[in-house]
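Numbering (mature numbering (1 follows the signal peptide of the UniProt record, and there is no 0)), first residue to last: -22 to -1, 1 to 197. All C-beta atoms in this analysis are idealised placements derived from N, C-alpha and C, irrespective of residue type, glycine included. Notes to accompany the following structure.
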Amino acid sequence: MKAVQILLPIVLLALASSLASAYDPSPLQDFCVAINDTKNGVFVNGKFCKDPKLANANDFFFKGLNKPGNTSNAVGSRVTQVNVQQILGLNTLGVSLARIDFAPKGLNPPHIHPRASEILVVEEGTLYVGFVTSNTENRLFTKVLKKGDVFVFPIGLIHFQLNVGDGNAVAFAGLSSQNPGVITIANAVFGSNPPISPDVLTKAFQVDKNVVNYLQKQF
Ligand SMILES: *[C@@H]1O[C@H](CO)[C@@H](O)[C@H](O)[C@H]1NC(C)=O
Ligand SMILES: *[C@@H]1O[C@H](CO)[C@@H](O)[C@H](O)[C@H]1NC(C)=O
């Protein structure tokens, strides 16, 4: 069954990342199903808990990760996140999941998760993946992954995945946060709102103003 093929790696990933020391604070109760109320003016580290008596199985359930994401966009990839926004029962549990679809030559562009390490398994296709260490060395670690191969991206480091196979590619990722966050480097640097002053970017990237203007126009 296709569903079993897809679900097995997900279960293994969830298990693996909960065995690892989670980055988010440990729960102080069995569970804390979040109240889905963005209008509330009080902020806590996480979400408020629903009365446990009112929790039910649907608070811990998500359907549809078998569906491919739409990769018709500039980078040819799509991340479908399954974090505390989709499963309120993940609140305080320090774990989440994502499905990543790639068109041929599709790229999940260089990005970081400020709050999570990531463990990725390839379900279909061939991916060239990598991460770069911090400024002491800026060392690049890369690998070409095939179906069934697993790779780890340590918390906070810039990483990417490029489809180098002939067809589509699909991967699933376990992340050590209920809310890993994502900062796509190109978008954050050249597509911020309002834009970063070209004086900052020309010096930072050691290029002239036309190059910076050109890059800012892409976002
Ligand atoms: C995929 O996204 C493109 C661009 O936004 C859109 O035109 C197309 O209808 C979408 N396809 C599906 C199947 O949703
Ligand atoms: C939570 O609320 C947001 C915004 O109203 C909605 O898009 C989302 O589907 C809700 N999530 C759940 C799991 O109910």
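- Query: In or out: Phe40 buried (at least 16 other Cβ within 10 Å) or exposed?
  - Reply: exposed
- Query: Listed by chain order, which residues have C-beta atoms less than 5 Å from any heavy atom of ligand 1?
  - Reply: Asn48 and Ser50
- Message: Can you tell me whether Ala94 is helix, strand or coil according to DSSP?
- Response: coil
- Closest by CA to Ile136, which one among Gln194, Ser95 and Pro30? Ser95
- Give me the Cα-Cα distance between Leu49 and Val148, rounded to the nearest whole angstrom. In the sequence as displayed, the identity of residue 49 is Thr instead of Leu. Whole-angstrom Cα-Cα distance: 11 Å.
- Query: So which of Leu123, Val11 and Lys83 has the shortest CA-CA distance to Ala52?
  - Reply: Lys83
- Among the residues of its own chain, which have a CB less than 6 Å from the CB of Glu115, if the five just before and after it don't count? none
- Item | Reduced DSSP secondary structure (H/G/I, E/B, other) of Val185 | coil
- Just tell me which of Ala166, Asp177 and Thr111 has its CA closest to the CA of Gln196. Ala166
- By Cβ distance below 6 Å, which residues in the same chain neighbour Val142 in space, the five residues on each side in sequence not counted? Thr104 and Tyr106
- Item | Three-state secondary structure assigned by DSSP to Leu75 | strand
- Roughly how many angstroms separate the alpha carbons of Leu66 and Pro92, rounded to a whole number? 21 Å
- Query: Looking at Glu102 and Lys121, is the spacing between their C-beta atoms short of 8 Å?
  - Reply: no
- Please list, in chain order, all residues of the same chain as Thr162 whose beta carbon is under 7 Å from its beta carbon, the five residues on each side excluded. Pro87 and His89
- Query: At a cut-off of 7 Å, is Asn157 close to ligand 2 when judged by its beta-carbon and the heavy atoms of the ligand?
  - Reply: no
- In whole angstroms, what separates the C-alpha of Leu179 from that of Val57? 28 Å
- Query: Any idea if Lys28 is buried or exposed, counting beta-carbon neighbours within 10 angstroms, 16 or more meaning buried?
  - Reply: buried
- Item | Option nearest Val11 by Cα separation, candidates Gln184, Ser74, Phe26 and Asp2 | Phe26
- Message: Using the three-state DSSP reduction, which class does Thr162 fall into: helix, strand or coil?
- Response: strand
- Distance between beta carbons of Ile97 and Val73, contact taken as under 8 Å: That pair is no contact at about 11 Å.
- Message: Please state the DSSP three-state secondary structure of Gly67.
- Response: helix
- Item | Sequence-distant residues of the same chain with beta carbon closer than 6 Å to Asn188, five excluded per side | none
- Query: How big is the Cα-Cα spacing for Val160 and Leu153?
  - Reply: 11 Å
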